[in-house]
Ligand code: SF4
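Numbering (the working numbering), first residue to last: 3 to 435.
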């Protein structure tokens with residue numbers, strides 16, 4: 003394969019799947035049913051320009067405002083492992099290719115020079131020994147940071163099985179390191195990835211995490227960040243495949259919150275399992291995309307809304323009900339907490355109202371001493387999604403909605419938020435976040 007073909011393949015496999023409904027990316031242009039217009043925006047022009055194209059560049063929202071685009075690429079789609087759910091598993095017939103560290107660096111720097119991207123996300127299969135793959139990742143980051151002086155954002159996905167010194171070196175060079183846990187416990191990992199060991203992955207995560215926590219501590223003490231060696235200061239991420247094993251959402255979120263408690267982790271990723279053609283799990287039922295979406299919403303409640311993990315409402319199987327978002331489900335399960343009055347409620351009460359986020363709650367609390375809030379129009383102006391919130395609120399003792407909130411929320415259909423999801427994929431667009 004020439005460089006263009008290799009890049010095409012490796013970038014499409016590193017695509018992020020969190021935008022829009024699942025789409026058959028690999029064969030979309032030829033299928034008719036899934037035309038290029040249904041592809042996520044970053045993949046729509048894959049065949050219309052040359053090798054160094056702005057393909058698979060994802061916009062990332064930065065803390066404190068602003069956005070940055072990331073080039074996402076796999077170093078190789080070759081792998082010696084045989085994970086049952088994975089499109090790149092050893093036994094699957096697939097064109098295999100790789101980018102050498104020098105090639106990856108050259109491509110990224112050229113795309114960066116053209117202002118197509120501000121940062122890099124790099125992930126990889128594991129052909130041969132994990133320590134060799136870690137060496138290649140380190141080589142790429144050393145070239146970027148120490149040879150070419152790149153000081154921007156680099157997110158690198160570690161492979162499980164690296165040596166402690168390699169993990170320390172990779173973390174030192176990266177803005178963010180991540181690792182795929184896949185499941186919340188070792189027993190279920192064995193079911194879908196018999197060659198992987200949960201304890202090894204977790205130990206690798208803990209090594210990197212300790213370094214990130216040290217870095218955060220030093221920054222809190224006033225030591226400025228070395229942008230060439232940021233020590234993973236953007237915080238770690240980790241990924242779970244959801245629905246490939248019997249683990250419930252409660253199991254997954256319990257593991258997530260345990261890991262958050264140790265610090266150094268920015269957030270978790272959840273990837274709804276999708277059956278991949280020519281894999282042992284081809285016949286396994288896909289997990290609803292909506293389940294993944296609900297897990298992200300619950301994770302947000304834990305990280306941003308100050309919910310405790312015992313407050314997330316689960317169904318009898320331990321999963322988050324799909325019909326409504328987890329905050330609304332919680333609110334409906336706690337009628338004793340509502341309605342609350344906009345003029346007097348504390349910020350912690352306001353953020354519990356469906357349709358009011360943390361920024362809006364803060365704005366309401368700041369504005370109400372100097373503004374007379376008269377009704378829904380005033381609340382809407384301050385950012386309240388009144389169609390959702392009105393039934394949970396009063397204003398100076400007056401109800402803001404004529405119907406009870408249960409009836410009001412029935413106008414919201416869960417499937418309006420996330421599209422249809424039953425699909426068998428050639429490759430999974432979301433395996434490699
Ligand atoms: S999940 Fe990772 S280790 Fe397993 S087969 Fe896929 S690329 Fe290889």
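Every residue, glycine too, gets a C-beta built ideally from N, C-alpha and C.
Next on the checklist: For a test of your reading of the model: does the CB of residue 90 fall under 7 angstroms from any non-hydrogen atom of the ligand SF4? Yes or no.
Outcome noted: Taking the first residue of the chain shown as 1, we reach residue 90 at position 88. Because some heavy atom of the ligand SF4 lies under 7 angstroms away, the Cβ of residue 90 counts as near it: yes.
Item to check | Reference residue 234; option with closest CA among 186, 302, 158 and 282 | outcome: As a position in the chain shown, residue 234 is number 232, starting the count at 1. In terms of Cα proximity to residue 234, the closest of 186, 302, 158 and 282 is 158.
Item to check | Integer Cβ distance of residue 107 from residue 145, believed to fall under 8 angstroms | outcome: Taking the chain shown and counting its residues from 1, one reaches residue 107 at position 105. Taking the chain shown and counting its residues from 1, one reaches residue 145 at position 143. With 8 angstroms as the limit, residue 107 and residue 145 qualify as a contact, their Cβ atoms being about 5 angstroms apart.
Next on the checklist: Bridge partners for residue 239 per DSSP, in chain order?
Outcome noted: Here residue 239 is taken as the residue at index 237 of the chain shown, counted from 1. As computed with DSSP, residue 239 is found in a beta bridge with 180 and 269.
Item to check | Distance cut-off 7 angstroms: residue 278 Cβ against heavy atoms of the ligand SF4 | outcome: Here the question's residue 278 lines up with position 276 in the chain shown. No; taking the cut-off as 7 angstroms, the Cβ of residue 278 has no heavy atom of the ligand SF4 nearer than that.
Item to check | Helix, strand or coil at residue 134 according to DSSP, with G and I counted as helix | outcome: To locate residue 134, count along the chain shown from 1; it is residue 132. Looking at residue 134 - three-state DSSP - the assignment turns out to be helix.
Next on the checklist: Any contact between the stretch 136 to 151 and the stretch 211 to 224? By contact I mean 3 or more CB pairs, one from each, below 8 angstroms.
Outcome noted: Because the criterion of three Cβ pairs below 8 angstroms is not met, the stretch 136 to 151 and the stretch 211 to 224 do not touch.
Item to check | beta-carbon residue 272 near the ligand SF4 non-hydrogen atom, thresh 7 angstroms | outcome: Stepping through the chain shown from its first residue, residue 272 is reached at position 270. Annotation for residue 272 indicates a beta carbon at 7 angstroms or more from all heavy atoms of the ligand SF4.
Next on the checklist: Quick check on residue 123: does DSSP put it in helix, strand or coil?
Outcome noted: Within the chain shown, the letter at position 121 stands for residue 123. Looking at residue 123 - three-state DSSP - the assignment turns out to be strand.
Checklist entry - For residue 6, does the three-state DSSP call read helix, strand or coil? => result In the chain shown, counting from the first residue as 1, residue 6 sits at position 4. Shown here, residue 6 sits in a helix according to DSSP, grouped into three states.
Checklist entry - For the ligand SF4, any of its heavy atoms closer than 7 angstroms to the Cβ of residue 85? => result Counting from one through the chain shown, the residue named residue 85 turns up at place 83. Answer for residue 85: yes, Cβ within range of the ligand SF4.
Checklist entry - Which of helix, strand or coil does DSSP assign to residue 170? => result Within the chain shown, residue 170 is the residue found at index 168, counting from 1. In the three-state reduction of the DSSP assignment, residue 170 falls in the helix class.
Checklist entry - Within 8 angstroms (strictly less), CB to CB, does residue 388 reach chain C? => result The structure shown contains no chain C, having only a single protein chain.
Checklist entry - So, helix, strand or coil for residue 400, using DSSP? => result Within the chain shown, numbered from 1, the residue matching residue 400 stands at position 398. Per DSSP, reduced to three states, the secondary structure at residue 400 is strand.
Checklist entry - For residue 237, which option in 325, 258, 297 and 173 has the closest C-alpha, if you only look at C-alpha atoms? => result Against the chain shown, residue 237 aligns to sequence position 235. Nearest to residue 237 by alpha-carbon distance, out of 325, 258, 297 and 173, is 173.
Next on the checklist: Let me check one thing: in DSSP terms, what residues is residue 159 bridge-paired to?
Outcome noted: Along the chain shown, one-based indexing puts residue 159 at 157. Paired residues: 180.
Checklist entry - Are the CB atoms of residue 226 and residue 307 nearer to each other than 8 angstroms? => result Indexing the chain shown from 1 puts residue 226 at position 224. Indexing the chain shown from 1 puts residue 307 at position 305. Going by C-beta atoms, residue 226 is not nearer than 8 angstroms to residue 307.
Item to check | residue 71, enclosing alpha helix (DSSP H) - first and last residue | outcome: Counted from its first residue, the chain shown places residue 71 at position 69. First-last for residue 71: 69 to 76, but that is the beta strand (DSSP E), not the alpha helix (DSSP H).
Checklist entry - When burial is assigned at 16 or more other CB atoms within 10 Å of the CB, is residue 328 buried or exposed? => result Walking along the chain shown from the start, residue 328 turns up at place 326. By the 10 Å Cβ count, residue 328 comes out buried.
Checklist entry - Pick from 369, 8, 403 and 177: whose alpha carbon is nearest that of residue 213? => result Along the chain shown, one-based indexing puts residue 213 at 211. Ranked by Cα distance from residue 213, the first of 369, 8, 403 and 177 is 177.
Checklist entry - Which residues share a DSSP beta bridge with residue 343? => result Residue mapping note: residue 343 aligns to position 341 of the chain shown, counting from 1. As computed with DSSP, residue 343 is found in a beta bridge with 396.
Checklist entry - Do you know offhand how far residue 130's Cα is from residue 276's? => result Taking the chain shown and counting its residues from 1, one reaches residue 130 at position 128. Taking the chain shown and counting its residues from 1, one reaches residue 276 at position 274. Those two C-alpha atoms are separated by around 26 angstroms.
Checklist entry - Do residue 79 and residue 11 have their C-beta atoms within less than 8 angstroms of each other? => result Against the chain shown, residue 79 aligns to sequence position 77. Against the chain shown, residue 11 aligns to sequence position 9. Their beta carbons are under 8 angstroms apart, which means residue 79 touches residue 11 by this criterion.
Next on the checklist: Please list the terminal residues of the continuous alpha helix (DSSP H) segment that includes residue 378.
Outcome noted: Locating residue 378 in the chain shown gives position 376, counting from the first residue. It spans 378 to 383 - the alpha helix (DSSP H) in which residue 378 sits, taken as one unbroken run.
Item to check | 6 angstroms CB neighbourhood of residue 387 in its chain, flanking five on each side removed | outcome: By 1-based counting over the chain shown, the position of residue 387 is 385. Counting only Cβ-Cβ distances below 6 angstroms, and skipping sequence neighbours, we find 357.
Checklist entry - Run through DSSP, which three-state label would residue 289 get? => result Walking along the chain shown from the start, residue 289 turns up at place 287. Under the three-state reduction of DSSP output, residue 289 falls in the coil class, being neither helix nor strand.
Next on the checklist: Among the candidates 152, 281, 375 and 349, whose CA atom is the shortest distance from the CA of residue 83?
Outcome noted: For the purposes of this step, residue 83 is identified with residue 81 of the chain shown, where counting begins at 1. Of 152, 281, 375 and 349, the residue nearest in Cα terms is 281.
Checklist entry - Taking DSSP as the reference, what is the three-state secondary structure of residue 314? => result Locating residue 314 in the chain shown gives position 312, where the first residue counts as 1. Looking at residue 314 - three-state DSSP - the assignment turns out to be coil, as it is neither helix nor strand.
Checklist entry - So, are the CB atoms of residue 87 and residue 278 less than 8 angstroms apart? => result The sequence position of residue 87 within the chain shown is 85, counting from 1. The sequence position of residue 278 within the chain shown is 276, counting from 1. The Cβ atoms of residue 87 and residue 278 lie closer than 8 angstroms to each other.
Checklist entry - So, residue 323 versus residue 331, is the Cβ gap smaller than 8 angstroms? => result Within the chain shown, the letter at position 321 stands for residue 323. Within the chain shown, the letter at position 329 stands for residue 331. Yes; because the gap between Cβ atoms is below 8 angstroms, this pair is in contact.
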